[in-house]
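Undergrad: Sharing a structure, written as structure tokens. Questions coming.
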Amino acid sequence: MADLIAVIFPTEEKAEEVRNKILALQKDYLIDIGDAVIAVKNANGRVKLNQLMSTTAAGAAGGSFWGLLIGILFMNPLLGVAAGAASGAIAGALTDVGVNDAFMKGLTADKIKDGEAVLFVLVKRVTGDKVLEALKGVGGTILQTSLDHTREDALRKALDAVPDAPSAAGV
């Protein structure tokens, strides 16, 4: 079962920095995420979602491929690519993977100030102690989680902790 974690950061840049750190941890197989989205509230009060993957672009690419194959069968590959890309883009735009977009927008609109950002992470699997150590001192305020109280408290302490100073070995 996946866990949802939503953390408020003062700026979109800080949220992006933390998301990149989490993605680096994923490359080291310390965490497996299903989605990582940054929601930002602009001066008009509208919420913009910064998704990891564009389902519209992925749908268009897949549709183009299948359209090309079908177009070759009917001796009109260009028409097939165009029709496939259009139908794939529409299907991709209507697809919502990971965290529900309406949920993220609704939660963000009510809970943060203009210019702040919320990092939503859907965690499938995690090596807790190593990930908490890597996220030590990044800041942020927990908005909502599906973690139990013990793990949520450990995350809160790690976010608030002062990062370890580099050792003075060899000085």
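Whatever position you read off the sequence shown (first residue = 1), add 319 for the working numbering. The beta-carbon is built from N, C-alpha and C at its ideal position, and this holds for glycine as well. Remember, it's a predicted structure, so these values are computed and weren't measured experimentally.
(1) Measure the CB-CB distance between V337 and L438 and report whether it falls below 8 Å.
(2) Should the segment 444-461 be called in touch with the segment 361-372, which here means at least 3 C-beta pairs below 8 Å?
(3) Use the C-beta contact count for V481: other C-beta atoms within 10 angstroms, 16 or more gives buried, fewer gives exposed.
(4) By the DSSP assignment, the alpha helix (DSSP H) with R365 in it spans what residues?
(5) Please determine, among A321, D322, A343, A436, the residue with the shortest C-alpha to C-alpha distance to V356.
(6) Alpha carbon to alpha carbon, how far is N361 from V457? Give it in angstroms, no decimals.
(7) K443 lies in the beta strand (DSSP E); which residues open and close that run?
(8) Helix, strand or coil for G425? Go by DSSP, reduced to three states.
(9) Does the Cβ of E332 have 16 or more other Cβ atoms within 10 Å, making it buried, or fewer, making it exposed?
(10) So, for V490: in the same chain, excluding its five sequence neighbours on each side, which residues have a beta-carbon less than 6 Å away from its beta-carbon?
(11) Quick one: give me the first and last residue of the alpha helix (DSSP H) that A334 is part of.
(12) Spatial neighbours of D493 within its chain, please: C-beta separation below 7 Å, excluding the five flanking residues on both sides.
TA: The structure says:
(1) The answer is yes: Cβ separation under 8 Å.
(2) Touching, no.
(3) Classification for V481: exposed.
(4) First-last for R365: undefined, no H or E at that position.
(5) Comparing C-alpha distances from V356 to each of A321, D322, A343, A436 shows the shortest one belongs to A436.
(6) When rounded, the distance between both Cα atoms is 23 Å.
(7) In the DSSP assignment, K443 falls within the beta strand (DSSP E) that extends over 436-445.
(8) The three-state secondary structure of G425, taken from DSSP, is helix.
(9) Exposed, because fewer than 16 other Cβ atoms sit within 10 Å of the Cβ of E332.
(10) Bear in mind that a pLDDT of 46 at V490, under 50, signals an unreliable position, so the number given afterwards is only what the model happens to contain. Counting only Cβ-Cβ distances below 6 Å, and skipping sequence neighbours, we find nothing.
(11) 331-346 is the span of the alpha helix (DSSP H), which, as asked, contains A334.
(12) Outside the shown range of the chain (320 to 490) lies residue 493, about which nothing can therefore be said.
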